[in-house]
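Q:
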Amino acid sequence: MRNAIDIDIQIDPSCAEPKVIIRAERMTPEIDNIVHAIESATNNAYPIVTAYSGDTMVLLSQREIIRVYLENRKLIAWTDRGGFVARGTLAEMEAVLDRSRFLRISRSELINLYRVSSFDFSLSGTIQVRFDDGSVSWVARRYVRAIQKTLGLV
Numbered sequence: 002m003r004n005a006i007d008i009d010i011q012i013d014p015s016c017a018e019p020k021v022i023i024r025a026e027r028m029t030p031e032i033d034n035i036v037h038a039i040e041s042a043t044n045n046a047y048p049i050v051t052a053y054s055g056d057t058m059v060l061l062s063q064r065e066i067i068r069v070y071l072e073n074r075k076l077i078a079w080t081d082r083g084g085f086v087a088r089g090t091l092a093e094m095e096a097v098l099d100r101s102r103f104l105r106i107s108r109s110e111l112i113n114l115y116r117v118s119s120f121d122f123s124l125s126g127t128i129q130v131r132f133d134d135g136s137v138s139w140v141a142r143r144y145v146r147a148i149q150k151t152l153g154l155v
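Position in the sequence shown counted from 1, then plus 1, gives you the numbering used here.
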């Protein structure tokens with residue numbers, strides 16, 4: 002990797018919110034550091050999520066969480082590093098998470114829209130959600146309409 006980074010700024014009056022796009026051959030620690038620096042600079046009001054792997058507490062940024070779901074009465078925050086047990090209820094977690102990023106797809110699951118690679122509408126009455134890590138989940142029937150509305154399909 003070069004020591005210099007090519008930065009291109011485009012001013013667009015029709016763009017209400019700033020959007021940062023990083024193009025790279027692959028994810029690297031340097032790119033992860035850039036993303037972290039941008040998030041820190043924006044005074045992100047969304048806190049780090051604390052979770053546990055056994056007796057070890059881990060700090061999860063909201064951008065690394067793929068989904069949060071209930072499994073055997075435990076709240077699991079799933080990431081590329083695996084699942085971590087979070088404390089509290091799903092409703093409490095939903096209140097802490099960024100509402101523009103996370104969406105409820107069932108009574109027991111929240112998903113990070115930024116980590117979704119595709120939605121499959123081919124099955125009648127439900128939606129399959131495929132994440133960028135290859136995992137899959139399903140939207141409960143009662144949440145299908147809300148997902149369609151969020152995606153601008155209704």
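Note that beta-carbon positions come from the ideal geometry of N, C-alpha and C, so glycine has one too. Fair warning: this is a prediction, and the values are worked out from it, not measured in the lab.
#1: What number of angstroms, rounded off, separates the C-alpha of Gly89 from the C-alpha of Leu76?
#2: Here's the rule: buried if 16 or more other CB atoms are within 10 angstroms of the residue's CB, otherwise exposed. What is Asn34?
#3: Any chance the region 131-147 sits against the region 100-108, with 3 or more Cβ pairs inside 8 Å?
#4: In its own chain, which residues sit with a C-beta less than 7 Å from the C-beta of Leu60, not counting the 5 before and 5 after it?
#5: So is Thr80 buried or exposed if we call it buried at 16+ other beta carbons inside 10 Å?
#6: How would you label Gln63, buried or exposed, when you count the other beta carbons within 10 angstroms and need 16 or more for buried?
#7: Identify, in the order they occur along the chain, each residue of the same chain with its Cβ nearer than 7 Å to the Cβ of Ile39, setting aside the five sequence neighbours on each side.
#8: Around the C-beta of Ile8, are 16 or more other C-beta atoms found within 10 angstroms, so that it is buried, or is it exposed?
#9: State the Cα-Cα distance for the pair Ala25 and Ile32, rounded to the nearest angstrom.
#10: For Ser54, count neighbouring Cβ atoms within 10 angstroms of its own Cβ and tell me buried if that reaches 16, exposed if not.
#11: May I ask you to report which of helix, strand or coil DSSP gives Leu61?
#12: Go through its chain and collect everything with a Cβ distance to Phe122's Cβ below 7 Å, but skip five positions before and after it.
#13: At the level of alpha carbons, what is the spacing between Val117 and Val130?
#14: Let's test the definition: count the other Cβ atoms within 10 Å of the Cβ of Met94 and tell me whether it reaches 16, buried, or not, exposed.
#15: Based on DSSP bridge pairs, tell me the residues matched to Ile77.
A: So, from the listed chains and residues:
#1: Residue mapping note: residue 89 aligns to position 88 of the sequence shown, counting from 1. Residue mapping note: residue 76 aligns to position 75 of the sequence shown, counting from 1. Their Cα atoms are separated by approximately 7 Å.
#2: Within the sequence shown, numbered from 1, the residue matching residue 34 stands at position 33. Exposed.
#3: yes
#4: Within the sequence shown, the letter at position 59 stands for residue 60. Cβ within range, chain order: Ile49 and Thr51.
#5: As a working mapping, residue 80 is identified with position 79 in the sequence shown. With 16 or more other Cβ atoms within 10 Å, it is buried.
#6: Position 62 of the sequence shown holds residue 63. Label assigned to Gln63: buried.
#7: Taking the sequence shown and counting its residues from 1, one reaches residue 39 at position 38. Here the set comprises Val21.
#8: As a first step, residue 8 must be located in the sequence shown, where it is residue number 7. Counting Cβ neighbours within 10 Å, Ile8 comes out exposed, since fewer than 16 surround it.
#9: Position 24 of the sequence shown holds residue 25. Position 31 of the sequence shown holds residue 32. When rounded, the distance between both Cα atoms is 8 Å.
#10: By one-based count along the sequence shown, residue 54 stands at place 53. That one is exposed.
#11: Walking along the sequence shown from the start, residue 61 turns up at place 60. Three-state DSSP puts Leu61 in a strand.
#12: Within the sequence shown, the letter at position 121 stands for residue 122. Taken in chain order, the residues that qualify are Ile128.
#13: Position 116 of the sequence shown, counted from the first residue, corresponds to residue 117. Position 129 of the sequence shown, counted from the first residue, corresponds to residue 130. Linking Val117 to Val130 through their CA atoms gives a straight-line distance of about 7 Å.
#14: If you number the sequence shown from 1, residue 94 lands on position 93. When all chains shown are included, Met94 counts as buried.
#15: Stepping through the sequence shown from its first residue, residue 77 is reached at position 76. Paired residues: Tyr70 and Val86.
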